[in-house]
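One point on numbering: in the working numbering, the residue at position 3 of the sequence shown is 843, and numbering is uninterrupted.
The next block holds one structure in the form of structure tokens; read it before the comments.
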Amino acid sequence: MTSEITHENLCAVNELVLSACAKFASSNQSHAQLPPIFILTPDRFTLSAEKILLKTTPALLNVRVVTFSMLFNILNQEENKILDKTSSVLFLWKSIHLLKDQLQYFAKSVHQYSFAEKMFNTINQLQSSMADFKTLEKNAKTEITKRKMHDISIIYAKYRELTREYIDGSGALDWLIKHIPNNPIIKSAHIYVTGFEHLSIQRAEVVRLLKSNAKSFVIGVQL
């Protein structure tokens, strides 16, 4: 185990991390104030992680297996309304129609609902890479790319305007990046990270901040 975070060497399943967590948590069960212990995993791995923990140590009062969205819910005190994918696509669909006369490249696609779904995937990918939409438009190498990025940029801006009272999955990661530093829960927490094969730039930044701000931090990687 190491605290080095890379995109290439994350372990998909690392029982050493879970065993270390269970051992640490068990040794702290008698403390008057149990330290919060979070095991950060992908959605698909939460059940497996809980089963491994229960098999190792049946009663762990202060351990929570969490995903990125669950961690957001724990830390967020502003009670933002969460958008699921379907709702996000519908807001994008509305944004596209409001801007149909301003689109330079995608004007012919505005009446296709599938276009809103494709735009959601494109925007989500750009957000996960922490890309700046305006900069991408400005630095486009060809006129076609520039027109595409112009449309994506104004659609994204309108989408953010329409969803200002909500927060979507990528927005939750942005919130974590902004609020993890100096968060009192994280400052007192012991963080374990396992189950990932890859982290987007956005998620890697969340993990880096957890490493820098948590009381202790363990991540499973392949050496």
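Where is the CB? At the ideal position from N, CA and C, for every residue including glycine.
Fair warning: this is a prediction, and the values are worked out from it, not measured in the lab.
CA-to-CA distance, Leu911 to Glu1001, given in whole angstroms: Within the sequence shown, the letter at position 161 stands for residue 1001. Within the sequence shown, the letter at position 71 stands for residue 911. So the two alpha carbons sit approximately 25 Å from each other.
Expressed to the nearest angstrom, what Euclidean distance is found between the alpha-carbon atoms of Ser928 and Gln917? Numbered from its first residue, the sequence shown carries residue 928 at position 88. Numbered from its first residue, the sequence shown carries residue 917 at position 77. Ser928 and Gln917 have their C-alpha atoms roughly 22 Å apart.
Contact check, Glu977 vs Met989 under 8 Å by CB: the rounded distance? Translated into the one-based positions of the sequence shown, residue 977 becomes position 137. Translated into the one-based positions of the sequence shown, residue 989 becomes position 149. Their Cβ separation, rounded to whole angstroms, is 4 Å, which keeps Glu977 and Met989 in contact under 8 Å.
List the endpoints of the continuous alpha helix (DSSP H) containing Phe955. Residue numbering aside, residue 955 sits at position 115 when the sequence shown is read from its first letter. For Phe955, the enclosing alpha helix (DSSP H) has its first and last residue at Tyr953 to Ser968.
Which residue from Lys948, Leu880, Ala947 and Gly1011 puts its Cα closest to that of Ile963? On the sequence shown, position 123 is the one that residue 963 refers to. That would be Gly1011, whose Cα lies nearest to the Cα of Ile963.
Buried versus exposed call for Tyr953 [16 or more other C-beta atoms within 10 Å across all chains shown]: In the sequence shown, residue 953 corresponds to position 113, counting from 1. By the neighbour-count definition (other C-beta atoms within 10 Å, threshold 16), Tyr953 is an exposed residue.
Nearest candidate by alpha-carbon position, reference Ile1028, set Leu923, Asn1053, Glu1037 and Thr886: Taking the first residue of the sequence shown as 1, we reach residue 1028 at position 188. The identity of residue 1028 in the sequence shown is Ser, whereas the question assumes Ile. Of the listed residues, the one whose Cα sits closest to Ser1028 is Asn1053.
Can you check the stretch 956 to 1040 for any alpha helix (DSSP H) of at least 4 residues that lies completely inside it and give the ranges in chain order? For the stretch 956 to 1040, whole alpha helix (DSSP H) runs of length 4 or above, ordered along the chain, are 973 to 978, 983 to 1002, 1009 to 1019 and 1024 to 1027.
Using the three-state DSSP reduction, which class does Lys921 fall into: helix, strand or coil? As a position in the sequence shown, residue 921 is number 81, starting the count at 1. Correct three-state label for Lys921: strand.
With 16 other CB atoms within 10 Å as the buried threshold, where does Lys998 fall? Against the sequence shown, residue 998 aligns to sequence position 158. Buried.
Can you grab the Cα-Cα spacing for the pair Ile1020 / Phe908, in whole Å? Position 180 of the sequence shown, counted from the first residue, corresponds to residue 1020. Position 68 of the sequence shown, counted from the first residue, corresponds to residue 908. Using only the alpha carbons, I get a separation of about 12 Å.
From the DSSP output, in three-state form, read off Phe864 for me. Residue 864 sits at position 24 when you count from the first residue of the sequence shown. Phe864 falls in the helix class under three-state DSSP.
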